[in-house]
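Asker: Respectively, the protein sequence lines represent chains A and B.
Residue numbers are given in the working numbering: position 120 of the first sequence equals residue 120, and the series is strictly consecutive.
To convert, take the position in the second sequence, counting from 1, and add 417; that gives the working numbering.
Note that CB positions come from ideal geometry on N, CA and C, so glycine has one too.
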Amino acid sequence: MNKNILDIFKNSLLVLILSLCIFVPITGFVLDDYEIILNLKPAITLPIICFLSYILFSFLKIYFHKFYNKLAHRRQLLETENKKHLQNSKNHKLRNFILSLIFILFLIMPFVIQKYWLTVMILALIYVLLGLGLNIVVGYAGLLDLGFVAFYAVGAYGYALGSQYLGLTFWEALPFCALLAALFGAILGFPVLKMHGDYLAIVTLGFGEIIRLVLNNWASFTHGPNGVKAMRPDLFNLEFSRYAKHGGVPFHEYFNIPYSSSYKYIFIYLVLLAVVTFMIFFVNKLKNMPLGRAWEALREDEIAARSLGIYHVTTKLSAFSMGAFFGGLGGVFFAAYQGFINPSSFTFLESALILAIVVLGGLGSILGVIISAFIFTLLPEILRDFSSYRILILGIIMVLMMIVRPRGLITIKRPIY
Amino acid sequence: MELHIFVQQLLNGIILGSIYGLIAIGYSMVYGIIGMINFAHGDIYMISTYLTAIFIAIFSILLKAIGLDINFLILFFTLIFTVFITAVYGYSIEKVAYKPLRGAARLSLLISAIGMSLILQNYVQISQGADNKTAPNLIDGIIKFNLDSNPLHFVQISQVQLLIIIISFITMFVLYNLVHKTSIGRMMRATAEDRIMANILGINSNKTISFVFIVGATAAAIAGFLVSINYGSFDFYIGFVTGIKAFTAAVLGGIGSLPGAMLGGLILGLAESLFSGFINTDYKDVFAFALLILILIFKPTGLLGKPEVEKV
Numbered sequence: 001m002n003k004n005i006l007d008i009f010k011n012s013l014l015v016l017i018l019s020l021c022i023f024v025p026i027t028g029f030v031l032d033d034y035e036i037i038l039n040l041k042p043a044i045t046l047p048i049i050c051f052l053s054y055i056l057f058s059f060l061k062i063y064f065h066k067f068y069n070k071l072a073h074r075r076q077l078l079e080t081e082n083k084k085h086l087q088n089s090k091n092h093k094l095r096n097f098i099l100s101l102i103f104i105l106f107l108i109m110p111f112v113i114q115k116y117w118l119t120v121m122i123l124a125l126i127y128v129l130l131g132l133g134l135n136i137v138v139g140y141a142g143l144l145d146l147g148f149v150a151f152y153a154v155g156a157y158g159y160a161l162g163s164q165y166l167g168l169t170f171w172e173a174l175p176f177c178a179l180l181a182a183l184f185g186a187i188l189g190f191p192v193l194k195m196h197g198d199y200l201a202i203v204t205l206g207f208g209e210i211i212r213l214v215l216n217n218w219a220s221f222t223h224g225p226n227g228v229k230a231m232r233p234d235l236f237n238l239e240f241s242r243y244a245k246h247g248g249v250p251f252h253e254y255f256n257i258p259y260s261s262s263y264k265y266i267f268i269y270l271v272l273l274a275v276v277t278f279m280i281f282f283v284n285k286l287k288n289m290p291l292g293r294a295w296e297a298l299r300e301d302e303i304a305a306r307s308l309g310i311y312h313v314t315t316k317l318s319a320f321s322m323g324a325f326f327g328g329l330g331g332v333f334f335a336a337y338q339g340f341i342n343p344s345s346f347t348f349l350e351s352a353l354i355l356a357i358v359v360l361g362g363l364g365s366i367l368g369v370i371i372s373a374f375i376f377t378l379l380p381e382i383l384r385d386f387s388s389y390r391i392l393i394l395g396i397i398m399v400l401m402m403i404v405r406p407r408g409l410i411t412i413k414r415p416i417y
Numbered sequence: 418m419e420l421h422i423f424v425q426q427l428l429n430g431i432i433l434g435s436i437y438g439l440i441a442i443g444y445s446m447v448y449g450i451i452g453m454i455n456f457a458h459g460d461i462y463m464i465s466t467y468l469t470a471i472f473i474a475i476f477s478i479l480l481k482a483i484g485l486d487i488n489f490l491i492l493f494f495t496l497i498f499t500v501f502i503t504a505v506y507g508y509s510i511e512k513v514a515y516k517p518l519r520g521a522a523r524l525s526l527l528i529s530a531i532g533m534s535l536i537l538q539n540y541v542q543i544s545q546g547a548d549n550k551t552a553p554n555l556i557d558g559i560i561k562f563n564l565d566s567n568p569l570h571f572v573q574i575s576q577v578q579l580l581i582i583i584i585s586f587i588t589m590f591v592l593y594n595l596v597h598k599t600s601i602g603r604m605m606r607a608t609a610e611d612r613i614m615a616n617i618l619g620i621n622s623n624k625t626i627s628f629v630f631i632v633g634a635t636a637a638a639i640a641g642f643l644v645s646i647n648y649g650s651f652d653f654y655i656g657f658v659t660g661i662k663a664f665t666a667a668v669l670g671g672i673g674s675l676p677g678a679m680l681g682g683l684i685l686g687l688a689e690s691l692f693s694g695f696i697n698t699d700y701k702d703v704f705a706f707a708l709l710i711l712i713l714i715f716k717p718t719g720l721l722g723k724p725e726v727e728k729v
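#1: Quick one: is N217(A) near chain C, going by C-beta distance under 8 Å?
#2: Could you tell me whether any Cβ in chain A is nearer than 8 Å to the Cβ of G722(B)?
#3: Let's test the definition: count the other Cβ atoms within 10 Å of the Cβ of K550(B) and tell me whether it reaches 16, buried, or not, exposed.
#4: Return the bridge partner residues of F340(A) from the DSSP annotation.
#5: Could you name the residues that DSSP lists as bridge partners for V572(B)?
#6: Out of G208(A), Y157(A) and G331(A), which has the shortest C-alpha to C-alpha gap to F221(A)?
#7: Roughly how many whole angstroms lie between the Cα atoms of H312(A) and Y140(A)?
#8: Could you please tell me which residues of the region 683-703 of chain B, in chain order, have their CB closer than 7 Å to any CB of chain A?
#9: Using C-beta distances below 7 Å, list every residue in its chain close to A297(A), excluding the 5 sequence neighbours before and after it, in chain order.
#10: Given this structure, state the Cα-to-Cα distance separating V358(A) from V138(A), to the nearest angstrom.
#11: Can you give the Cα-Cα distance for K10(A) and F29(A), rounded to whole angstroms?
#12: State the CB to CB distance for the pair L353(A) and I410(A), rounded to an integer number of angstroms; the pair is presumed to be in contact (CB under 8 Å).
#13: Just the C-alpha distance for P676(B) and K598(B), rounded to the nearest angstrom, thanks.
#14: Compare the beta carbon distance of S534(B) and L18(A) with 8 Å and say whether it is the shorter of the two.
#15: Out of curiosity, what's the CA-to-CA distance linking G546(B) and T499(B)?
#16: Under 8 Å Cβ-Cβ, which residues of chain A neighbour S525(B)?
#17: Within 8 Å of any Cβ in chain A, is that where the Cβ of M366(B) sits?
#18: Candidates I436(B), L580(B) and D565(B): which alpha carbon is nearest L555(B)'s?
#19: Helix, strand or coil for F29(A), going by three-state DSSP, please let me know.
#20: Output, in chain order, the set of chain A residues within a Cβ distance shorter than 9 Å of I420(B).
#21: Assign L424(A) to one of three DSSP states: helix, strand, or coil.
#22: Please classify Q76(A) as buried or exposed, where buried requires at least 16 other C-beta atoms within 10 Å of its C-beta.
#23: So, using beta-carbon positions, are G438(B) and M605(B) closer together than 8 Å?
#24: To the nearest angstrom, report how far apart G459(B) and F111(A) are at their CA atoms.
#25: Per DSSP, which one or two residues make a beta bridge with I431(B)?
#26: If we define contact as Cβ-Cβ less than 8 Å, is N616(B) a contact residue for chain A?
#27: Shorter than 8 Å from the beta carbon of L468(B) to some beta carbon of chain A?
#28: Could you tell me whether any Cβ in chain A is nearer than 8 Å to the Cβ of L518(B)?
#29: Could you please give me the residues that DSSP links to I36(A) through a beta bridge?
#30: Please report the residue range of the alpha helix (DSSP H) in which F97(A) lies.
#31: Could you tell me whether any Cβ in chain A is nearer than 8 Å to the Cβ of G719(B)?
#32: Tell me whether Y263(A) is buried or exposed, calling it buried when 16 or more other Cβ atoms sit within 10 Å of its Cβ.
#33: What does DSSP give as the partner residues of K550(B) in its beta bridges?
#34: Find the nearest neighbour of Y337(A) within the set D32(A), M121(A), G185(A) and I22(A), judged by alpha-carbon distance.
#35: For G206(A) versus I710(B), is the C-beta spacing smaller than 8 Å?
#36: Return helix, strand or coil for W218(A), following the three-state DSSP convention.
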């Protein structure tokens, strides 16, 4: 025991020295032109926090070691019991009731909440869509895609530029841009068929950056960093603006109700909700269809799967284009909701955010992805004061999750066939 | 295309390429030993540019106080301290984000590395501010030489740029000898070859891996120092693009191989500077990324790398 305590103190001193080296220069001296401004208070407090928390955690670890073991043992017992239960009971009725209750809640929501929270909800649903798409690629097919934002950008720009050059309306753009994104997914998928793991990740990252850079630099077509205006959506030629611009009738005049700017958002929200609900059902079914199982088989062992007759080319391409399809849909909604897009919305950070959503939720788990998409969009709105720490928290979550729970919040149980 | 412009672009390419080469060493060595892309490596480089500017400011005050404010001394102390602190960063990042994941899936390691990269970027952004930072130019002086009789057709290289080429080649030489001639280098190569076997033979693979991270961070710190005193302007986001390009260089040369990283860096630097000089500046990053994709598709083992055999 004494040796352990000595070790802890030795290590904690090391932690103190290292964290002093890390925090003092960068936090303690703030550059201002060629001068520096001293800011030593946080630079000293941070290492001390590291030091103390290291000691605390190591002692906790020692004293709870036995307790931990007991807990792990009990958990194992519980899990085996649960498995038995799962096979026996089917609580479908209760589950369906809860699901429909949640759906109705979401359906009523836009008419109750404020416009600001409505826009936040739209954004959250867009991220649910993106998360579901990336979940197909990363979670089911096991292909780490770091350039997912490219398909999002294709969808958004497809709608904005399509309405500008080709006169596409929202309803035409929705399938068209999603298919366009799916095509891009297939184009990207082709060259990377042979790759796996890290190289695949880097190639997709490069692809995503190329799309963004082209959007940024091809000013004569995309208007470069100035961005493009996206057309407002319409419902059977009924426009959601105060005055009709595209030869239709404004929505509020047709129904003889007073004008409100939130009609547009309510409309987008409801369409988005319908699409998301449909997609959730679709993905849920897909998981158990031959295609979904082929993805999982390829993910687990490519050589074995191929030797059993799974054709890897179409299987992988379908994963890529299916994921990209979701990305494109999300992009169209994003452009319609923002009314204006520019390349700065499609940086690598966005890809990392979507990946974080999928990872936090649990690779392959639909419910997990939905929950974490809401966490990641609602939390920054609630914690407005900490908005500058948003990315820091994102990064910490990614690292911690990988160490503590690499399978995500909701670990999927392997279905037994 | 005129000769002096071409030669000038070649020179710029070599300078850029030696920087890429130095950063690529870190990617290459880490990939060689634990088979992961250290996504945070570009941000370690970014931190070292900040550290350089901070230490230049600190040491010019300190040395002025004792009446020794010679630019050479300031730069010398700055280099030493920057390298030391950056090495601490490299060591700690490995301990915090990668060591607990030893033996985990590659995907988990990469995601953890991306998280670490975001943490470093945001940490610097919060503590130093989001705006562009500057470092003073302590070495001035430009060497010009003419290629023909026309006095306007000159090629120029500043003393700092000359320093970049010299220091990066010395660093590469030292690192090459470290890996191939010393016992710690042999331990590194053994661990890279087969970690379990190396453990059995009495090599502490954890310490060796830590050492690799320290060496990689050192090379990145030297690159950051050189960039900081040459260009004098940086922000918290430079690590991302430069990191990807350096990774391209590492893959181009053959990942896991040290001479490959240097060679890849030089080729990428030359290609990029010739592309931006003669074709298009706006698309030079697109060019680098496209090059990366093409290499990974057609020659994933790179120029000097060993082919990887897929095992069942």
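Answerer: Result, derived from the coordinates:
#1: Absence of chain C from the displayed structure is noted, the protein chains being A and B.
#2: What you label residue 722(B) is simply residue 305 of the second sequence in a count that begins at 1. False, the Cβ-Cβ gap to chain A never drops below 8 Å.
#3: Sequence index remark: in the second sequence, residue 550(B) carries index 133 (1-based). The residue is buried, with at least 16 neighbouring Cβ atoms inside 10 Å.
#4: Here the question's residue 340(A) lines up with position 340 in the first sequence. Bridge partners of F340(A): K229(A).
#5: Position 155 of the second sequence, counting from 1, holds the residue named residue 572(B). V572(B) pairs with F562(B).
#6: Here residue 221(A) refers to the residue found at position 221 of the first sequence. Checked all of G208(A), Y157(A) and G331(A); the closest Cα to F221(A) is Y157(A).
#7: Start at 1 with the first residue of the first sequence, and residue 312(A) comes out as number 312. Start at 1 with the first residue of the first sequence, and residue 140(A) comes out as number 140. C-alpha separation (whole angstroms): 14 Å.
#8: D699, Y700, D702 and V703
#9: As a position in the first sequence, residue 297(A) is number 297, starting the count at 1. A305 and I310, listed in sequence order.
#10: In the first sequence, residue 358(A) corresponds to position 358, counting from 1. In the first sequence, residue 138(A) corresponds to position 138, counting from 1. Straight-line Cα distance between these residues: approximately 8 Å.
#11: In the first sequence, residue 10(A) corresponds to position 10, counting from 1. In the first sequence, residue 29(A) corresponds to position 29, counting from 1. Each residue's Cα considered, the two are about 28 Å apart.
#12: Taking the first residue of the first sequence as 1, we reach residue 353(A) at position 353. Taking the first residue of the first sequence as 1, we reach residue 410(A) at position 410. Rounded, the Cβ-Cβ distance is 19 Å, inconsistent with contact.
#13: The residue labelled residue 676(B) in the question sits at position 259 within the second sequence. The residue labelled residue 598(B) in the question sits at position 181 within the second sequence. In a straight line, the C-alpha of P676(B) is about 14 Å away from that of K598(B).
#14: The sequence position of residue 534(B) within the second sequence is 117, counting from 1. The sequence position of residue 18(A) within the first sequence is 18, counting from 1. Taking 8 Å as the Cβ cut-off, S534(B) and L18(A) do not qualify as a contacting pair.
#15: As a position in the second sequence, residue 546(B) is number 129, starting the count at 1. As a position in the second sequence, residue 499(B) is number 82, starting the count at 1. Going by the C-alpha atoms only, they are around 20 Å apart.
#16: In the second sequence, residue 525(B) corresponds to position 108, counting from 1. Near S525(B) (Cβ distances below 8 Å), the residues of chain A are M402 and P406.
#17: Past the boundaries of the shown model lies residue 366(B); chain B is included only from 418 to 729, so the question cannot be answered.
#18: For this step, residue 555(B) is matched to residue 138 along the second sequence. The candidate whose alpha carbon is nearest that of L555(B) is L580(B).
#19: Here residue 29(A) refers to the residue found at position 29 of the first sequence. Strand at F29(A).
#20: Residue mapping note: residue 420(B) aligns to position 3 of the second sequence, counting from 1. In the sequence as presented, Ile is not what sits at residue 420(B); that position holds Leu. Ordered by position in chain A, no residue passes the 9 Å Cβ test against L420(B), which lies about 30 Å from the chain.
#21: The structure shown does not extend to residue 424(A), since chain A is modelled only from 1 through 417, so no value can be given for it.
#22: Looking up residue 76(A) in the first sequence gives position 76. Per the 10 Å Cβ criterion, exposed.
#23: Here residue 438(B) corresponds to residue number 21 of the second sequence, with the count starting at 1. Here residue 605(B) corresponds to residue number 188 of the second sequence, with the count starting at 1. No.
#24: Position 42 of the second sequence, counted from the first residue, corresponds to residue 459(B). Position 111 of the first sequence, counted from the first residue, corresponds to residue 111(A). Approximately 47 Å between the Cα atoms of the pair.
#25: For the purposes of this step, residue 431(B) is taken as residue 14 along the second sequence, with counting starting at 1. In DSSP, I431(B) forms no bridge with anything.
#26: Numbered from 1 along the second sequence, position 199 holds the residue referred to as residue 616(B). For N616(B), the answer is no, since every Cβ of chain A falls outside 8 Å of its Cβ.
#27: Counting from one through the second sequence, the residue named residue 468(B) turns up at place 51. Taking Cβ atoms only, chain A reaches closer than 8 Å to L468(B), which makes this a yes.
#28: Within the second sequence, the letter at position 101 stands for residue 518(B). Closer than 8 Å to some Cβ of chain A, the Cβ of L518(B) qualifies, so yes.
#29: Start at 1 with the first residue of the first sequence, and residue 36(A) comes out as number 36. For I36(A), which the question treats as bridged, DSSP gives the partners L31(A).
#30: As a working note, residue 97(A) is residue 97 in the first sequence. Where F97(A) is concerned, the enclosing alpha helix (DSSP H) stretches over H92 to V112.
#31: As a first step, residue 719(B) is located in the second sequence; it is residue number 302 there, counting from the start. Cβ-Cβ to chain A under 8 Å: no for G719(B).
#32: Position 263 of the first sequence holds residue 263(A). With 16 or more other Cβ atoms within 10 Å, it is buried.
#33: Taking the first residue of the second sequence as 1, we reach residue 550(B) at position 133. DSSP, once it has assigned bridges, lists F651(B) as partnering K550(B).
#34: Here the question's residue 337(A) lines up with position 337 in the first sequence. Answer by Cα proximity: M121(A).
#35: Within the first sequence, numbered from 1, the residue matching residue 206(A) stands at position 206. Within the second sequence, numbered from 1, the residue matching residue 710(B) stands at position 293. Yes.
#36: For the purposes of this step, residue 218(A) is taken as residue 218 along the first sequence, with counting starting at 1. In the structure shown, W218(A) sits in coil (DSSP, three-state: anything other than H, G, I, E or B).
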